[in-house]
Structures are given as C-alpha cells and as structure tokens.
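Peer 1: Chains as they are written, first to last, in the working numbering: chain A, 2 to 115; chain B, -15 to 218.
Let me give you the structure first, and then I'll get to my questions.
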Amino acid sequence: RAAIPAPKVSCKNLCHRHQLFINFRDLGWHKWIIAPKGFMANYCHGDCPFSLTTSLNGSNYAFMQALMHAVDPAIPQAVCIPTKLSPISMLYQDNDDNVILRHYEDMVVDECGC
Amino acid sequence: ALGQTFQFQEHAFLQFLGLDKVPSPQKFQPVPYILKKIFHDQETAATIGISRDLCYVKELGVQGNILRLLPDQGFFLYSKNLPQASPCLQKLLYFNLSAVKDEERLTMAQLGLDLGPNTYYHLGPDLELVLSLVQEPHVWDRSIPKPGKMFVLQSVPWPQGVLHFNLLEVAKDWSNNPQKNLGLFLEILVKGQRDSGVNFQLEDTCARLRCSLHASLLVVTLNPKQCHSSSRKR
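What follows is the structure, encoded as structure tokens:
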C-alpha cells in the first residue's frame, strides 16, 4: 500500500462529461439533413486515478488497471469513456429525393466513467 | 491532408448511416405530418430520458427502424379525345425501391394520394378512382402511351381528400423482383352522361385535379442487424 503514490489531480481534471454540440452546418451536412440542425453529442475526458476509480462510475476492470498502473507505469492508465449513450433520430433526403427517417443508437453521451 | 482525413472519415460515417455518398438534393421535399410527428416524439422522449424501442414505430403500429417516403416518378397520360369520351385523369405511378437494401425486411408500404382540397364537392357521385397494378410493359398506340396488362387493386367511388392504400404485398414483390416493378396505373373516371354545361365544369375540375394530385409511397423496413436485441425483448 505504501508503494502506491497519492494521486495529484484536481477535480476539474477528473473523468467527466463535457458538452459538445455537433452543428451539421459545420460539416456541410445541412444540405441533406432536414432535421435536426445539430445535436448535443458530448464527450468524455479526464483522469481516472486509482484512488477515485470507484467513485468515478468506474468498472472493476478500471480499478484493476489503475492499480496496475500505479504499480507499473508502463501499463496505461484507466481511460475515461462513455458509460451511457442515447439515440437520436435524423430526417434527411437522399439523391433519389427520398425523405428518410432513421433512428441511430449510441449518438449522445449521457454519462461517462472509467 | 486534414481534408482527406475528413473525407475518409465522412465516407465511413455515411456508410454507417446507410448512404453510399454524400447526398446533394436540389431542393428539400415536403416532409409529411406523420414523419414529423415520429421525429418529434422520438426527440421529446430522448430529451426527457425515456427509452423507446427504436425498432417499433408506435405511431404506425408496425415493426421497423427505417422510414422512407418515396416520391412518385411516374407521368400523366394525355388523351386527345373529347372529355366526355375519356377518363378525367390517367397517370402512371412509379416508385423506385432501389434504396431498400437486401437485408431490410419490408413491414409497411402505404400509397398516399392527395387529391387536393374539396375537389368534388360540386360534382356529386360522378367520379370513380381506379388503382391498378401494371403487369406488362407499356405499349404505344398513335403516340398515346397506354399501360399493358393490368390488375385492378382497388376502386374508390367519389374520391376526395387524402387516400391511403396498403401496398405491402405489391411492394414486397417489387422489392424481391425489381423487373416486376412496372408501376401502378391511376385512373379517375367520369361516370354517366353529362350535358355540355356540366362538362365544362368537369373539364375544369379534372384540370385542377391534374395540378393538385400528389402521390407518394411510405415504406417502413426493419434491418434485423440493427434490431436483434429489441426484437428479442418483444
């Protein structure tokens, strides 16, 4: 236990969800997507220190990986990833003038974890 | 290099969306109410955190995760005969189903015919709409195109407003055998003899019908690859 150094991370660097709005106009897709104009996709970013992996919605695996990283720095740190995603619907038009409505799973990050 | 990377990633994402290339429509088609409603219902459910079965279209009561509104690509047939001896309107309706992929299963195909507002109020029970399936290629007779062998699917006396026809079995046949897709023949017939004054009014109505008629095919399909888990749940 004594060999594991205490983590030096500030709260703002811890794994959490960040806002990311994807505007279809920025991608030039507004020319064929009727709706929505864009969507809040979000993303996950931040550290997963060993001492906090359990409180950061972390998996048992993340806990073990963080522990091993603390012992051997050659093993990468546990990573901050989406743990809950939700779908969006898109209305668009193809080259045959068909109007299409499709639902796409896992497009919005609702929650993040280690 | 950044542009190339974006194009490569864009292509990969478009494939994920089920598209071969970036669509570049000349203008947006009008979106029917039912598609807007399904879109907004889904958006509302996502906003308030309600999870919905994405492979069941509650609003239509059918399984499916892809809804397509196919525009009519057919054409009107015009006759030089006198109006009293000819149908009010004849049109070949054609819907290109090539966008439906092989792995998709058709669960609904609904033909929508919008005849425009209050078209027949002054005519009484004098018109009849007949929808037929074209079973043989069209033939040309004295420069007037006529469809070949046909099978009457449905006739509607005194048609008006928006009409819907269930074409699931027909669309399944077209989808499985694209060479069989020779379209539909739509005819609005005048019943009985008319005097000259009424004929004038009838001509006017038929001309307005030709302008306002709008046909589309709403097709719902289910891609089992994208729907296996929710299908099992059901």
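Glycine residues also receive a C-beta, built at the ideal position from the N, C-alpha and C atoms.
Note that the structure is a prediction, hence the values are computed from the model and not measured.
1) Just curious, the beta strand (DSSP E) that F64 of chain A is in, first and last residue?
2) Determine, using beta carbons only, whether E106 of chain A comes closer than 8 Å to chain B.
3) Is the Cβ of Q13 of chain B closer than 8 Å to any Cβ of chain A?
4) Taking only three categories from DSSP, how would you classify A36 of chain A?
5) Using a beta-carbon distance cut-off of less than 9 Å, what residues from the segment 83 to 114 of chain A approach chain B?
6) For D98 of chain B, which beta-bridge partners are listed by DSSP?
7) Hey, E88 of chain B and L173 of chain B are a contact pair by Cβ (cut 8 Å); roughly how many whole angstroms apart?
8) Any idea what DSSP makes of I22 of chain B, helix, strand or coil?
9) Between the segment 56 to 70 of chain A and the segment 18 to 26 of chain A, can you find at least three pairs of beta-carbon atoms closer than 8 Å?
10) Go to E171 of chain B, then tell me how far its alpha helix (DSSP H) extends in each direction, as first and last residue.
11) Counting only C-beta atoms, is Q144 of chain B closer than 8 Å to chain A at any point?
12) What do you get for R216 of chain B, buried or exposed, if any count of 16 or more other CB atoms within 10 angstroms of its CB means buried?
13) Is there a Cβ of chain A sitting closer than 8 Å to that of N165 of chain B, yes or no?
14) Is the separation between the beta-carbon of E171 of chain B and that of P71 of chain B shorter than 8 Å?
15) Please confirm if A42 of chain A has its CB atom under 8 Å from at least one CB of chain B.
16) Taking DSSP's pairing of strands, which residues face M108 of chain A in a bridge?
17) Am I right that I89 of chain A and A(-4) of chain B are in contact with their C-beta atoms under 8 Å? What's the rounded C-beta distance?
18) If you follow the beta strand (DSSP E) that N155 of chain A is in, where does it begin and where does it stop?
19) Contact between the segment 188 to 204 of chain B and the segment 42 to 56 of chain B is defined here as three or more beta-carbon pairs at a separation below 8 Å; is this criterion met?
20) Between L99 of chain B and L197 of chain B, how many whole angstroms is the CB-CB distance? I'm expecting something under 8 Å.
21) K32 of chain A versus chain B: which residues are under 7 Å apart at the beta carbon?
22) Q79 of chain A CB to nearest chain B CB: under 8 Å?
23) Is there a C-beta anywhere in chain C that falls below 8 Å from the one on A83 of chain B?
24) By a C-beta neighbour count over all protein chains shown, 10 Å radius and 16 as the cutoff for buried, is W158 of chain B buried or exposed?
25) Cβ of I219 of chain B less than 8 Å from any chain A Cβ?
26) Consider the Cβ of I23 of chain A: report whether some Cβ of chain B lies at a distance smaller than 8 Å.
Peer 2: So, from the listed chains and residues:
1) Taking the first sequence and counting its residues from 1, one reaches residue 64 of chain A at position 63. Not the beta strand (DSSP E): F64 of chain A falls in the alpha helix (DSSP H), residues 61 to 72.
2) Residue 106 of chain A sits at position 105 when you count from the first residue of the first sequence. It does; some Cβ of chain B falls within 8 Å.
3) Position 29 of the second sequence, counted from the start, is the residue given in the question as residue 13 of chain B. Chain A, which has a Cβ nearer than 8 Å to the Cβ of Q13 of chain B, makes this yes.
4) Residue mapping note: residue 36 of chain A aligns to position 35 of the first sequence, counting from 1. Of the three classes helix, strand and coil, the one that applies to A36 of chain A here is strand, per DSSP.
5) S87, P88, I89, S90, M91, L92, Y93, Q94, D95, N96, D97, D98, N99, V100, I101, L102, R103, H104, Y105, E106, V109, D111
6) In the second sequence, the residue the question calls residue 98 of chain B occupies position 114. Answer is B:V146, B:H198, bridged to D98 of chain B.
7) Here residue 88 of chain B is taken as the residue at index 104 of the second sequence, counted from 1. Here residue 173 of chain B is taken as the residue at index 189 of the second sequence, counted from 1. That belief does not hold up - the Cβ atoms of E88 of chain B and L173 of chain B are roughly 37 Å apart, past 8 Å.
8) Translated into the one-based positions of the second sequence, residue 22 of chain B becomes position 38. Looking at I22 of chain B - three-state DSSP - the assignment turns out to be helix.
9) no
10) Looking up residue 171 of chain B in the second sequence gives position 187. No alpha helix (DSSP H) contains E171 of chain B, which is instead part of the beta strand (DSSP E) from 168 to 174.
11) The residue given as residue 144 of chain B occupies position 160 in the second sequence. It does not: the Cβ of Q144 of chain B has no partner Cβ on chain A nearer than 8 Å.
12) By one-based count along the second sequence, residue 216 of chain B stands at place 232. In this prediction, R216 of chain B has a pLDDT of 43, which is less than 50 and means its spatial position is unreliable; nothing more can be read from the coordinates.
13) Residue numbering aside, residue 165 of chain B sits at position 181 when the second sequence is read from its first letter. Taking Cβ atoms only, chain A never reaches closer than 8 Å to N165 of chain B, which makes this a no.
14) Stepping through the second sequence from its first residue, residue 171 of chain B is reached at position 187. Stepping through the second sequence from its first residue, residue 71 of chain B is reached at position 87. Against a cut-off of 8 Å, the Cβ pair of P71 of chain B and E171 of chain B comes out as a contact.
15) To locate residue 42 of chain A, count along the first sequence from 1; it is residue 41. For A42 of chain A, the answer is no, since every Cβ of chain B falls outside 8 Å of its Cβ.
16) Numbered from its first residue, the first sequence carries residue 108 of chain A at position 107. M108 of chain A pairs with nothing; no bridge assigned.
17) As a working mapping, residue 89 of chain A is identified with position 88 in the first sequence. As a working mapping, residue -4 of chain B is identified with position 12 in the second sequence. No, I89 of chain A and A(-4) of chain B are not in contact; Cβ-Cβ is about 18 Å, not under 8 Å.
18) Residue 155 of chain A lies beyond the stretch modelled for chain A, which goes from 2 to 115, so this question has no answer here.
19) yes
20) For this step, residue 99 of chain B is matched to residue 115 along the second sequence. For this step, residue 197 of chain B is matched to residue 213 along the second sequence. Indeed, because the Cβ distance is near 6 Å, the residues count as touching under 8 Å.
21) Position 31 of the first sequence, counting from 1, holds the residue named residue 32 of chain A. Those are S8, listed as they occur along chain B.
22) Here the question's residue 79 of chain A lines up with position 78 in the first sequence. First, the residue type needs correcting, since residue 79 of chain A is Ala and not Gln in the sequence shown. No, its Cβ sits nowhere closer than 8 Å to a Cβ of chain B.
23) Within the model displayed, chain C is absent; protein chains A and B are what it includes.
24) Your numbering for residue 158 of chain B matches position 174 in the second sequence. With 16 or more other Cβ atoms within 10 Å, it is buried.
25) The displayed coordinates of chain B run from -15 to 218. Any statement about residue 219 of chain B would go beyond what the structure contains.
26) Along the first sequence, one-based indexing puts residue 23 of chain A at 22. Chain B, which has no Cβ nearer than 8 Å to the Cβ of I23 of chain A, makes this no.
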